[in-house]
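Residue numbers (the UniProt record's numbering): 1 to 314. Below: one structure, written as structure tokens.
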């Protein structure tokens with residue numbers, strides 16, 4: 001009886017240890033999620049506070065009041081742009097982990113290229129304002145640079161997609177298809193995120209012109225069109241980097257999944273139908289403009305406004 005008690009006591013005493021060991025990975029994952037959530041909130045709050053500080057600087061410097069509706073609207077858009085920049089920053093940073101899970105790559109060279117591009121874009125923004133201060137404000141330049149910083153990890157993610165496709169060494173066809181579909185979906189997410197920043201920065205610039213009394217009718221519309229068009233062009237150039245590699249990989253997958261081998265016309269037509277279906281499933285039948293219009297929500301209105309402005313000018 002004493003042995004049974006001792007054995008039973010030891011067994012009962014060990015149970016919590018077994019559960020503790022078994023629960024440790026789950027607890028670690030929970031702690032990691034909480035840490036990631038806190039980090040994400042801190043990033044978004046930091047970007048939003050930076051944008052809010054720029055607005056408060058103008059608010060105090062120009063002795064505005066809260067009854068000034070255009071100025072308040074500009075402030076709301078500025079803070080929204082800051083928060084969106086933080087969210088895009090987080091999305092871009094998380095895309096690195098997603099890409100590394102699919103295909104491990106070296107990120108250091110890609111981060112250096114993105115940092116150089118961000119410095120060039122920020123410097124160009126400041127130079128344009130220095131040459132012609134009438135097209136914006138110093139706070140607007142700050143907001144634009146904030147958006148550039150927020151978009152940098154997303155651009156690095158686009159470079160990472162291309163690098164992952166180039167360095168992929170998997171010979172298994174199902175694995176290649178899975179990686180292709182995941183990377184393609186990721187590139188679309190990054191495009192939409194960057195497109196939202198282009199839209200918000202353009203809206204914020206227009207609101208800033210109204211708030212500071214710089215709206216000059218058609219001339220201001222033209223400035224907004226150039227600004228939004230330039231931002232859309234930069235995003236399109238960044239998106240073209242992974243898109244080219246994705247389409248090359250997609251074409252290779254089509255040739256592997258739906259080869260054209262039959263000499264008979266009837267069988268060849270069936271193979272063509274199958275090939276057409278595979279192309280649709282892999283997203284190879286959409287053109288660049290339609291993809292950009294889907295991802296950059298402001299692109300279609302910009303094109304329509306540009307057309308109307310040209311017709312009016314003519």
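Every residue gets a Cβ at the ideal spot worked out from N, C-alpha and C, and that includes glycine.
| Asked | Found |
| --- | --- |
| Considering only the beta carbon of each residue, do residue 53 and residue 79 sit closer than 7 Å? | no |
| Are residue 114 and residue 181 close, meaning C-beta to C-beta below 7 Å? | no |
| Starting from the C-beta of residue 329, find all residues in its chain whose C-beta is less than 6 Å away, skip the five residues before and the five after it, and write them out in chain order. | Only positions 1 to 314 of the chain appear in the structure, and residue 329 is not among them; the question remains open. |
| If you drop the 5 nearest sequence neighbours on each side, which residues of the same chain put their C-beta closer than 6 Å to that of residue 153? | 89, 92 and 93 |
| Contact between the region 193-200 and the region 288-301 is defined here as three or more beta-carbon pairs at a separation below 8 Å; is this criterion met? | yes |
| Just to confirm, is the Cβ distance from residue 271 to residue 282 under 7 Å? | no |
| If you drop the 5 nearest sequence neighbours on each side, which residues of the same chain put their C-beta closer than 8 Å to that of residue 298? | 195, 198, 199, 202, 228 and 232 |
| Using the Cα positions of residue 238 and residue 132, report the straight-line distance between them to the nearest angstrom. | 27 Å |
| To the nearest angstrom, report how far apart residue 66 and residue 76 are at their CA atoms. | 12 Å |
| Identify which residue in 110, 84 and 256 has its Cα closest to the Cα of residue 171. | 256 |
| Beta-carbon within less than 6 Å of residue 210's beta-carbon, same chain only, minus the 5 sequence neighbours each way: which residues are those? | 70 |
| What residue range is occupied by the uninterrupted alpha helix (DSSP H) comprising residue 286? | That residue, residue 286, is in no alpha helix (DSSP H); it is neither H nor E in DSSP. |
| Using three-state DSSP, classify residue 22 as helix, strand or coil. | For residue 22, the predicted structure reports a pLDDT of 48, less than 50, and the residue's modelled location is therefore unreliable. A value from the coordinates is still provided. Helix, per DSSP. |
| Would you call residue 248 buried or exposed, if buried means 16 or more other Cβ atoms sit within 10 Å of its Cβ? | exposed |
| Let me make sure I understand the geometry here. Which of 225, 219 and 137 has the alpha-carbon closest to that of residue 58? | 137 |
| Given residue 150, which residues of its chain have a CB within under 7 Å of its CB, disregarding the five upstream and five downstream residues? | 47, 85, 86, 88, 89 and 197 |
| Closest to residue 147 by CA distance: which of 102, 121 and 105 is it? | 121 |
| Under a three-way DSSP split, which group does residue 103 fall into? | coil |
| Among the residues of its own chain, which have a CB less than 8 Å from the CB of residue 240, if the five just before and after it don't count? | 288 |
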